[in-house]
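J.: Residue numbers (our numbering), protein chains in the order written: chain A, 50 to 147; chain B, 50 to 147. Ideal placement from N, C-alpha and C gives every residue a C-beta, glycine not left out. Just so it is clear, the structure is predicted and the values come from calculations on it, not from any experiment. Supplied in C-alpha cells, the structure appears directly below.
There are 2 protein chains.
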Amino acid sequence: MIRHVVMFRWKEGVDDAHVRATAEALNALPDQIPEILSYTCGPDLGVADTNFDFAVSAQFDGIDEFVTYRDHPAHQAVVQTLIGPFVDERCAVQFSER
Amino acid sequence: MIRHVVMFRWKEGVDDAHVRATAEALNALPDQIPEILSYTCGPDLGVADTNFDFAVSAQFDGIDEFVTYRDHPAHQAVVQTLIGPFVDERCAVQFSER
Numbered sequence: 050m051i052r053h054v055v056m057f058r059w060k061e062g063v064d065d066a067h068v069r070a071t072a073e074a075l076n077a078l079p080d081q082i083p084e085i086l087s088y089t090c091g092p093d094l095g096v097a098d099t100n101f102d103f104a105v106s107a108q109f110d111g112i113d114e115f116v117t118y119r120d121h122p123a124h125q126a127v128v129q130t131l132i133g134p135f136v137d138e139r140c141a142v143q144f145s146e147r
Numbered sequence: 050m051i052r053h054v055v056m057f058r059w060k061e062g063v064d065d066a067h068v069r070a071t072a073e074a075l076n077a078l079p080d081q082i083p084e085i086l087s088y089t090c091g092p093d094l095g096v097a098d099t100n101f102d103f104a105v106s107a108q109f110d111g112i113d114e115f116v117t118y119r120d121h122p123a124h125q126a127v128v129q130t131l132i133g134p135f136v137d138e139r140c141a142v143q144f145s146e147r
C-alpha cells in the first residue's frame with residue numbers, strides 16, 4: 050500500500066468559498082475512482098505560521114493505482130479548474146506504508 | 050481527529066543509511082508518545098521529479114495532542130539530531146479529518 054500526500058499554498062486572494070468548493074470536489078473523487086482506498090483533505094488549521102494552506106492524504110494499493118487516480122478525468126477536472134490556476138506552490142510525496 | 054503531514058527535501062549528500070535511520074527513529078515514536086493515533090513515514094517512491102524526498106503522515110485526536118507530540122522530548126531528539134541539520138526544505142499541514 051502507498052500513501053500519497055500533497056500540499057498547496059494558494060495564491061493571494063483565494064477565498065474560503067473556493068477552498069470549500071475544492072475540498073468538496075476532491076472529497077467526491079472516491080465515489081468516481083475506485084482505485085482510491087482512503088482519501089482525506091482540508092485546509093490547514095493554523096498551528097504554525099510556516100505551514101502550507103491545504104493538504105490531501107490518500108491511500109492506494111500501489112503506484113499503478115495512484116497513477117490511475119492522478120490521470121483520471123474526474124481528478125484532472127478538479128486539478129485544472131480549481132487547483133492549478135489558484136495555487137502558488139505545491140509539494141508532494143508518495144511513500145510505501147507497511 | 051486531525052491529520053498532520055510533513056515533507057522534507059534532504060540536503061545534498063544525505064545518504065540512504067541516514068534516511069533509513071530517520072525512518073526507524075520516527076517509527077519508534079508511537080511507542081513513546083501515546084497521543085499518536087497512527088503514524089507512517091517513508092522516502093518518496095520517485096514517481097515525479099518534482100516530489101519532495103520524505104514524508105510523515107500521522108493522526109491525533111486534536112491540536113493539543115499534536116502539540117504534545119511536536120514538543121515531546123523523544124520527537125525533538127529525532128528532529129534535532131536526524132532531521133533539522135540534514136533538511137533543506139520542509140512543508141507541513143495539519144487538517145481536520147471527518
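1. If you check the beta carbons only, do Q108 (chain A) and M50 (chain A) fall under 8 Å apart?
2. Check whether the Cβ atoms of Q143 (chain B) and V96 (chain A) lie closer than 8 Å to each other.
3. Among the residues of its own chain, which have a CB less than 6 Å from the CB of V63 (chain A), if the five just before and after it don't count?
4. If the cut is a Cβ gap below 9 Å, which residues of chain A does G133 (chain B) touch?
5. So A104 (chain A) and V54 (chain B) are in contact, right, with Cβ under 8 Å, and what is the actual spacing, rounded?
6. Determine contact between the segment 118-126 of chain B and the segment 81-99 of chain B, defined as no fewer than three beta-carbon pairs at a distance below 8 Å.
7. At a CB distance below 8 Å, what residues from the segment 80-99 of chain A approach chain B? Give them in sequence order.
8. Who are the near neighbours of A70 (chain B) in its chain, counting only those whose CB is closer than 8 Å to its CB and skipping five residues on each side?
9. Using a Cβ-Cβ distance under 8 Å, would R52 (chain A) count as near chain B?
10. Can you name, in chain order, every residue of its own chain whose Cβ lies under 7 Å from the Cβ of S211 (chain A), other than the five neighbours on each side?
11. Return the first residue and the last residue of the alpha helix (DSSP H) that I85 (chain A) is part of.
12. By how many angstroms is the C-alpha of Y88 (chain B) removed from the C-alpha of A76 (chain B)?
T.: Considering the structure as presented:
1. The sequence position of residue 108 (chain A) within the first sequence is 59, counting from 1. The sequence position of residue 50 (chain A) within the first sequence is 1, counting from 1. Yes, these two residues count as a Cβ contact at 8 Å.
2. On the second sequence, position 94 is the one that residue 143 (chain B) refers to. On the first sequence, position 47 is the one that residue 96 (chain A) refers to. Contact: yes.
3. Stepping through the first sequence from its first residue, residue 63 (chain A) is reached at position 14. Counting only Cβ-Cβ distances below 6 Å, and skipping sequence neighbours, we find F135.
4. Your numbering for residue 133 (chain B) matches position 84 in the second sequence. Here the premise fails: no neighbours, minimum Cβ distance about 14 Å.
5. Residue 104 (chain A) sits at position 55 when you count from the first residue of the first sequence. Residue 54 (chain B) sits at position 5 when you count from the first residue of the second sequence. Correct: roughly 5 Å between the Cβ atoms.
6. yes
7. T89, C90, G91, P92, D93, L94, V96, A97 and T99
8. Start at 1 with the first residue of the second sequence, and residue 70 (chain B) comes out as number 21. L131.
9. If you number the first sequence from 1, residue 52 (chain A) lands on position 3. Yes, R52 (chain A) lies at the interface with chain B (some Cβ there is under 8 Å from its Cβ).
10. The displayed coordinates of chain A run from 50 to 147. Any statement about residue 211 (chain A) would go beyond what the structure contains.
11. For the purposes of this step, residue 85 (chain A) is taken as the residue at position 36 of the first sequence. From DSSP, I85 (chain A) is part of no alpha helix (DSSP H); its letter is neither H nor E.
12. Counted from its first residue, the second sequence places residue 76 (chain B) at position 27. Counted from its first residue, the second sequence places residue 88 (chain B) at position 39. It is Asn, not Ala, that sits at residue 76 (chain B) in the sequence shown. Looking at the two C-alpha atoms, the distance is approximately 7 Å.
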